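The working numbering runs 14 ahead of the 1-based position in the sequence shown.
Cβ coordinates follow ideal geometry from the N, Cα and C atoms, glycine included.
Computed from a predicted structure; not experimentally measured.
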Amino acid sequence: MAFKMEPSQLRIAEKLVILNDRAAGMLTRLYNIKKGCAADSKAKPQFLLDKQMDGAIKHIIKKFPVVDTRNNMSTFSYAASIKDEIIRSLSLYYYTFADLMDLKENILQLLTAMDACQCQLDISLNYELTAGYLNLVVNMISLMILLSRIDDRKIVLGLFNAAFDLTNGQSEASFPRLGQMILDYEYPLKKLTEDLGPLNRLMHSALVSLSPVYLRRSIPADNWRTAQILSLTANPQQILFAAQTDTMACEYLSLDVMDRWIIYCGTICHSSLLNEPIIYKQWQLSLQMGICTRVFRDEVFLMHTELQHFFDSVKGLHKRSQEVKEYYSLALQHRYQLQRFLRGALRELTLLIKDQPGLLGPKILFVWMGLSFSRDEVLWLLRHLNEWPTSKKGNKGADELIDKQLPELLHYMEELRQLVIKHCGVIQRYYLKYVNSYDAILTREMLSTLSNISEEDSILLHHFSNSISNINSDTDLRALRLDWFRFQARTSMARSSFSLLDNPKTAVIMNRNVFHLKMVDLQDEMIKETSDLSIYCFYSREFERQWQASLSLPAQSRYAVVFARICSHFTSTLHDMCPEEKSHIIDRSLGTCITILDDICRTTTEVVGALCEYELRLAEQTSASQVALMIAQQLQKSKGGKTAPVPDLPLPGEESYRTDRQKLTYPDKLQTTLVELCAGLMQQRQITVSDHIFAPREYLSQHLEYKFSDMIMYMAVTDSTPRRPSELLMIVQAYMAVLQNIDTCITVDITRLFNNALLQQTQPLDSRNKETLTFIYTKWYLDVVLRRAATGNMVWSDHLQAMVSYADMNPFQPEQYTDPLELRCLAQLIGPYGVNYFSERLTWHVACQINELHKVVVAHKDQLHMARTQFDNIDKMKEVLSILCTEPKGHKSQPNSSPAECILQRTAIMGQIFMFRDALQAALQQIVEQRLPFMVASFNDLYQSLDTNGKTMVAELAAALGKKCTVDMALVNAMRAQNSHLQPDEFYLLSCLLLVAIAISLPKLAQSENSMYKPSIKGSLNNSHCIPLAITTIAGALFYLHGRQDIQHRLKEFLALASSGILRNAHENEGMEEVSKHQAALYIMLEQLVIKSEWLTMDVLEACFPYNLIRTAYQLCYDQERELYA
């Protein structure tokens, strides 16, 4: 007796689900193997590229599938040496092919069983069964096509089997069958025709039932517009009623999927299916819709080319090949332009649902349809961009496909997705109530009318009916949908007592129920099915072109951020059967998202930069230098004559004159572009990609911060010379004015941006380890300005409080960088932190100069000690002066090489540094008093209430406010750091002798013509007038450091030594007129020492030096300068 299998034992529904999922996983694995075996792949095993392996590879290719290692040991000698590595590297590839062979056999077994059971397929009634069957057929075809495209499949299989044979003494068990499969599917269409051709009956019924759906979806865009498809307002009285059709699942069925069903099935079973007019019409229309269809991911099937080759290889099908060729020409000429219609339809749908989210309940079907239709257009475009033929005159053919407004369509797709995700609770609650209060009742009524239904089928339906009556948001509905799938499979067989095709009302009601149940718990899957754009992960070049094109069009730039949102789709391509690609896909999604956001923000900052440049030009029109140019121009015009015409300079405010309101000026265009870009960044507060959260506005803030810093640094230096601080401050203020206006376009914390960017400029290096304004100006003032001043090219003027130049050797005017206005601007640019850094560097230079003086003191320690103890002994003092004024051997040709001259020169240099530093501190104090008057007043009250020790304790705070303290604590700390190796007593003695050395060297200044005091600048040309400040500052710091509370005593000692030496020198040179003229500067220097010192008074000075000499010196200096300029 023949064995009879019950329909329930076939498990058709379960097998379709499992095999389709396994086929998708196998496609993923084959795709990765194909990419890994590509010639340019980095993942390709290195031994396949080894020249020592060439012999074995050539043998395998020639003899495949027969690989005889025993009789060809010399050929496989190298393979034998690395057989373990070969097995380890190629095992994944080999067993994937083995799994594919098993999967193919299981698929063919199921397809044969369904054909034997005479299943009846109808896409509108048993949708899950029909779609599952067609998907399984197409997946098998795709697997075999993809297998035939793996370049090294024979090498991989043969080499693995050879290594396995060398290791185990026998071939791998499945290798013979695998080898035969590889040979059979060398030309996959021919072999697939042999395998699937006899199973054409089910494909026939499925494709015939697909015809109404496919033809309805293939109409031109004008027909869609006339029918007002996707319009919620076309029938306003029905807007609150649930959208219902008899073919719910078919309404959002992908056109891309249908094309694959028709092309692949029609081609494989061409001898039977293409003789059916209905199927042939669909097949013909599919060939006219494009030139390629999808195999898997970015692998495409060039329909016309492949079909022509296939039909030409089959005897008697030349006519069919010619038809395909004609359809190819029609496909190049005709393309339905649905993008414009879909943009408008999705825009309307998005706006309505945003305003009334409750419409998502009854009208969710419109959302799925709109998303599916739009996704089909995107997929079609991506497939054809690289495959569309180009004309001989250029790339015009492919250019016709480029939709410049595609970002807008993608934007509305993402907005609809986001609305569904955001209001998923609205959809779920609506359909829970709908199923409980309507579907459950209708299903019970329908069941009461059914007849001829088997007991098992009745149990399935009654269980379904009872379950949907009591569902809630936590109910697992997958079992119910699988029960309906099982019912379809059981009742679609020929010998079933109940035929689903004869009861279409039952199928319609159950399909609606299933759709409504999906809206309760399967919204994520529905979103993925209708709007997943993960295909962009594998079209990275086209993806990049599209987002860059959107940034280049101001009208589309607001939609550019949608490309970053699409990166969140990439992970939906992952499959559990191919875990090795997970990290790669996630890294690509994150990297692409970062690149897109960087490009958008970079474009935005470039626009901001252009606006800043324009704002700077406007600011320059009102600057003093521009006014000077205008005055010079007017003077030149007033002279007349035959000189060349002078071009008119633009007047401030001319840019506001307009003759046409519609005409956009350059800043108008920039502002419009900025608004569009910012509008795009404003749309999403955050973007989630692979469990990572990206904040577009934070990206923009960071880019603006970097751009602001880069623009400042770019403008800071011109021709190796820093820009004047006043000019740079004007530039910074112009840039800040533009950045402050960004707040009108996008919500960005501009205050934080300014704080971050400008505070970094107060440090020597910023967060990117780049130089800052503080570093540049500090380095330039130290290395250029003060160095030139030290060599005598500049003079510090007490009258002007600036460096002045008296030689033509300077490439710049020092007054433009050191006057009070410029220093105030510099203090505003680098702030208190920058001034503090600047002062520390200056102080460090002073400390180095003091250490150099200590070396001189150590070399003449005995003579200086004698001068200190016997300063009233004229002979001894002459001896000491003679030694200090004698140039050392070997330095005869060097000027200023004697110890006395070295001491005076270094002391003058320190005085210049102190003068400049005090001026910078004063500038900072003025700025702080202007900006923070209440804090400065509070600090002054505190400072005045402190004693000397208390004031030194708050010296650092005082320096930050620009206030000068009695003791220079910065110099104290620098000297402590540089002289920590010295014993306290020794260090104290050196400090005392240093003052003695300076005091007894002062009279030597009278021998220099440059020592003459000039009242007009309140200084001397050799900067000797800076020596008093240097002496009082150095003495205060050194003797405070020693802690012996004798600063005043030491300065009195210095004053006594200096006045004695000066008077003695005046007496000795009484008859020498030139020396007497310069002697006046020394008298004035003594008075300046007392004025600048906190520890000396005029009483102390008059006790050792007659003040009438100082008055006479001032009078002499004024008379000398008057005579000089008379």
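Query raised in the report: Can you tell me the Cα-Cα spacing of Asn-409 and Leu-344, whole angstroms?
Result: Residue confidence for Asn-409 is low, a pLDDT of 48 falling below 50, so the modelled location carries little weight; the figure read from the coordinates is stated next. The alpha-carbon of Asn-409 is positioned some 19 angstroms away from that of Leu-344.
Query raised in the report: For Ser-1034, which three-state DSSP category applies?
Result: Ser-1034: strand per DSSP, three-state reduction.
Query - Reduced DSSP secondary structure (H/G/I, E/B, other) of Leu-762 - result: Note that residue 762 corresponds to Val in the displayed sequence, not to Leu. Coil, per DSSP.
Report task. For His-476, name the three-state secondary structure that DSSP assigns. Result -> DSSP places His-476 in helix when its eight states are reduced to three.
Query - Best match in Phe-1001, Ser-1030, Lys-965, Thr-832 for proximity to Gln-926 [C-alpha to C-alpha] - result: When Phe-1001, Ser-1030, Lys-965, Thr-832 are compared, the shortest CA-CA separation from Gln-926 is found for Thr-832.
Report task. Let me know if Thr-1111 comes out buried or exposed under the rule of 16 or more other beta-carbons within 10 Å of its beta-carbon. Result -> It is exposed - the Cβ of Thr-1111 has fewer than 16 other Cβ atoms within 10 Å.
Query - One or two residues paired with Leu-779 in a DSSP bridge - result: Among the bridge pairs identified by DSSP, Leu-779 is matched with Glu-785.
Report task. Please name the residue, chosen from Gln-830, Val-151, Tyr-1121, Leu-773, that lies closest to Val-799 on a Cα-to-Cα basis. Result -> Minimum Cα distance to Val-799 is reached at Gln-830.
Requested in this report: Run the CB neighbour count on Gln-302, radius 10 Å, all protein chains shown included, and call it buried at 16 or more, exposed below.
Outcome: Per the 10 Å Cβ criterion, buried.
Report task. For Val-440, write down the residues that DSSP places opposite it in a beta bridge. Result -> In the DSSP assignment, no residue is bridged to Val-440.
**Report entry** Backbone CA spacing between Ile-756 and Met-696 [nearest angstrom]
**Finding:** Within the model, the alpha-carbon separation for Ile-756 versus Met-696 is close to 12 angstroms.
**Report entry** Residue burial classification, Gly-1075 (beta-carbon count within 10 angstroms, cutoff 16)
**Finding:** Under this definition Gly-1075 is a buried residue.
Report task. Could you check which residue in Phe-478, Gln-251, Ser-487, Met-427 has the C-alpha nearest to that of Lys-447? Result -> Out of Phe-478, Gln-251, Ser-487, Met-427, Ser-487 has the C-alpha closest to the C-alpha of Lys-447.
Requested in this report: Please name the residue, chosen from Thr-42, Tyr-92, Asn-46, that lies closest to Leu-63 on a Cα-to-Cα basis.
Outcome: With distances taken between CA atoms, Leu-63 lies nearest to Tyr-92 out of Thr-42, Tyr-92, Asn-46.
Query raised in the report: In angstroms, rounded to a whole number, what distance separates the CA positions of Asp-390 and Met-427?
Result: Their Cα atoms are separated by approximately 12 angstroms.
Query raised in the report: Per DSSP, what kind of secondary structure is Val-81 in: helix, strand or coil?
Result: In the three-state DSSP reduction, Val-81 falls in the coil class, being neither helix nor strand.
Requested in this report: Could you tell me which residues DSSP pairs with Cys-306 in its beta bridges?
Outcome: Looking at the DSSP assignment, Cys-306 forms a beta bridge with Leu-316.
Query raised in the report: Is it the case that the Cβ atoms of Gln-919 and Met-1026 are separated by a distance below 8 angstroms?
Result: Between Gln-919 and Met-1026, the gap from beta carbon to beta carbon reaches 8 angstroms or more.
Report task. Check whether the Cβ atoms of Lys-29 and Leu-124 sit closer than 8 angstroms, and answer yes or no. Result -> In contact: Lys-29 and Leu-124 (Cβ atoms closer than 8 angstroms).
Query raised in the report: According to the neighbour-count rule (16 or more other Cβ atoms, all chains shown, within 10 Å of its Cβ), is Arg-672 buried or exposed?
Result: In this structure Arg-672 is exposed. Its beta-carbon is surrounded by fewer than 16 other beta-carbon atoms within 10 angstroms.
Query raised in the report: Would DSSP call Lys-756 helix, strand or coil?
Result: According to the sequence provided, residue 756 is Ile. The question's Lys does not apply to it. In the three-state reduction of the DSSP assignment, Ile-756 falls in the helix class.
Query raised in the report: Okay, do the stretch 526 to 536 and the stretch 258 to 267 touch, 3+ Cβ pairs below 8 angstroms being the bar?
Result: Contact between the stretch 526 to 536 and the stretch 258 to 267 is present, because at least three Cβ pairs lie under 8 angstroms.
Query raised in the report: On the three-pair Cβ rule with 8 angstroms, is the stretch 1057 to 1077 touching the stretch 1088 to 1108?
Result: Yes: the two stretches touch, three or more of their Cβ pairs being nearer than 8 angstroms.
Query raised in the report: So, Leu-837 versus Ala-933, is the Cβ gap smaller than 8 angstroms?
Result: In this structure, Ala-933 lies closer than 8 angstroms to Leu-837 by Cβ.
Query raised in the report: For His-706, which three-state DSSP category applies?
Result: When secondary structure is reduced to three states using DSSP, His-706 falls in the strand class.
Query raised in the report: Can you tell me whether Ser-907 is buried or exposed, with buried defined as 16 or more other CB within 10 angstroms of its CB?
Result: Reliability fails at Ser-907, whose pLDDT of 46 lies under 50, so the model's placement of it is uncertain and no value is given.
Report task. Could you say which of Tyr-445, Val-1010, Tyr-720, Leu-960 lies nearest to His-874 if we only look at CA atoms? Result -> It is Val-1010.
Report task. For the stretch 801 to 820 and the stretch 945 to 952, state whether three or more C-beta atom pairs, one from each stretch, are separated by less than 8 angstroms. Result -> Taking one beta carbon from each stretch, the stretch 801 to 820 and the stretch 945 to 952 have fewer than 3 pairs nearer than 8 angstroms; the two do not touch.
Query raised in the report: Where do the ends of the alpha helix (DSSP H) carrying Ala-936 lie?
Result: For Ala-936, the enclosing alpha helix (DSSP H) begins and ends at 913 to 945.
Query raised in the report: Which two residues bound the contiguous alpha helix (DSSP H) that contains Val-799?
Result: Neither: Val-799 is in no alpha helix (DSSP H) and is coded neither H nor E.
**Report entry** Leu-171 beta carbon less than 8 angstroms from that of Tyr-108
**Finding:** It is a contact, given that the beta carbons lie within the stated cut-off.
Query raised in the report: Per DSSP, Lys-1028 forms a beta bridge with which residues?
Result: DSSP lists Gly-1033 as the beta-bridge partner residues of Lys-1028.
Query - Close beta carbons around Ile-467, own chain, < 6 angstroms, minus the five adjacent residues each side - result: Same-chain partners within the cutoff: Phe-512.
Query - Cα-Cα separation between Glu-629 and Asp-612, rounded to whole angstroms - result: Straight-line measurement puts the Cα of Asp-612 at about 25 angstroms from the Cα of Glu-629.
Query raised in the report: According to the neighbour-count rule (16 or more other Cβ atoms, all chains shown, within 10 Å of its Cβ), is Ser-564 buried or exposed?
Result: Ser-564 comes out buried.
Query raised in the report: Would you call the CB atoms of Ala-974 and Asn-850 closer than 8 angstroms?
Result: A contact, by the Cβ cut-off of 8 angstroms.
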